[in-house]
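Protein chains in written order, with the numbering used here: chain P, 5 to 118; chain R, 10 to 119.
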Amino acid sequence: NAGVTQTPKFRVLKTGQSMTLLCAQDMNHEYMYWYRQDPGMGLRLIHYSVGEGTTAKGEVPDGYNVSRLKKQNFLLGLESAAPSQTSVYFCASSHQGAWQETQYFGPGTRLLVL
Amino acid sequence: LAKTTQPISMDSYEGQEVNITCSHNNIATNDYITWYQQFPSQGPRFIIQGYKTKVTNEVASLFIPADRKSSTLSLPRVSLSDTAVYYCLVDAGNNRKLIWGLGTSLAVNP
Numbered sequence: 005n006a007g008v009t010q011t012p013k014f015r016v017l018k019t020g021q022s023m024t025l026l027c028a029q030d031m032n033h034e035y036m037y038w039y040r041q042d043p044g045m046g047l048r049l050i051h052y053s054v055g056e057g058t059t060a061k062g063e064v065p066d067g068y069n070v071s072r073l074k075k076q077n078f079l080l081g082l083e084s085a086a087p088s089q090t091s092v093y094f095c096a097s098s099h100q101g102a103w104q105e106t107q108y109f110g111p112g113t114r115l116l117v118l
Numbered sequence: 010l011a012k013t014t015q016p017i018s019m020d021s022y023e024g025q026e027v028n029i030t031c032s033h034n035n036i037a038t039n040d041y042i043t044w045y046q047q048f049p050s051q052g053p054r055f056i057i058q059g060y061k062t063k064v065t066n067e068v069a070s071l072f073i074p075a076d077r078k079s080s081t082l083s084l085p086r087v088s089l090s091d092t093a094v095y096y097c098l099v100d101a102g103n104n105r106k107l108i109w110g111l112g113t114s115l116a117v118n119p
């Protein structure tokens, strides 16, 4: 039981390049989330999903797209990376139901956009 | 939106009890209070959750007064491995978002 895994662990992009971050969970959770964490800002919700095939915008969705084609996977895409997207990205999942459900986090992906 | 306020940093020594207080003045009636712990280069990890009075598990205790406008996370007999950032969160109810503040950076010294 690996919990929540994220790939890649670290990536360097040039401005304008695109990439996809993959999140996978093996706990059969309905809810999945993508956060970014920046110094002095705390965690901010980018997008989330309440089930397979559904996605919704969070607090800071601009510049990102997501897809949840399979229940266990939640993909975060950057179509045209910008230096402002340099951050640590965390994926999380929770069983279902209310937002106070315990969220299980992955180890994070460090992204540097030059 | 329910917003939380907690100290930016705290220092302690091994073996001491540490209490971290969080203010959430506009917490809604049906909101829960949740605490997470984050070590460097790792994702946050759930510690404890409560609604009122006192909750205790194998890791910590959570004290919530009757007015629920604040809560206190209590870590008994901390060790060096408890050095981490601790986040207090309240469920933002109908807005369906958890508000993550900056957390409290706890440093445990030998």
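All C-beta atoms, glycine included, are put in the ideal place defined by N, C-alpha and C. Computed from a predicted structure; not experimentally measured.
- Looking at the DSSP output, R:Tyr22 bridges to R:Asn118.
- Here P:Leu118 carries a coil assignment [DSSP, helix/strand/coil].
- Every beta strand (DSSP E) stretch that sits fully inside the stretch 11 to 44 of chain P and reaches 3 residues is listed by chain position as 14 to 17, 23 to 29 and 35 to 42.
- At a cut-off of 8 Å between beta-carbon atoms, P:Pro111 makes contact with chain R.
- Here DSSP, grouped into helix, strand and coil, assigns P:Ser88 to helix.
- The C-alpha of R:Thr113 is placed about 10 Å away from the C-alpha of R:Thr92.
- Proximity of chain R to P:Phe94 at the Cβ level (cut-off 7 Å) is accounted for by Gly52, in chain order.
- A contact between stretches requires three or more CB pairs, one per stretch, nearer than 8 Å, and the stretch 72 to 81 of chain P meets this requirement with the stretch 21 to 39 of chain P.
- Shortest Cα-Cα distance from R:Asp40 to any of R:Gly110, R:Ser18 and R:Leu98 involves R:Leu98.
- Rounded to whole angstroms, R:Glu67 and P:Leu116 show a C-alpha spacing of 38 Å.
- Not one beta carbon of chain P lies nearer than 8 Å to the beta carbon of R:Gly24.
- Each residue's CA atom was taken as its position, placing P:Ser84 and P:Tyr108 some 29 Å apart.
- Between the stretch 18 to 28 of chain R and the stretch 65 to 72 of chain P, the count of Cβ pairs shorter than 8 Å is below three; the stretches do not touch.
- Spatial neighbours of P:Pro87 in its own chain (CB-CB distance under 6 Å, excluding positions within 5 residues in sequence) are listed in chain order as Val117.
- DSSP, reduced to helix, strand and coil, places R:Ser90 within a helical segment of the structure shown.
- For a cut-off of 8 Å, the C-beta gap from R:Tyr96 to R:Trp109 is around 6 Å, short enough to register as a contact.
- Straight-line spacing of the CA atoms in R:Leu71 and P:Gln89 works out to 36 Å.
- Chain R has no Cβ within less than 8 Å of the Cβ of P:Thr11.
- Chain P has no Cβ within less than 8 Å of the Cβ of R:Gly59.
- Counting every other CB atom within 10 Å of its CB across the protein chains shown gives P:Met36 a total of 16 or more, marking it as buried.
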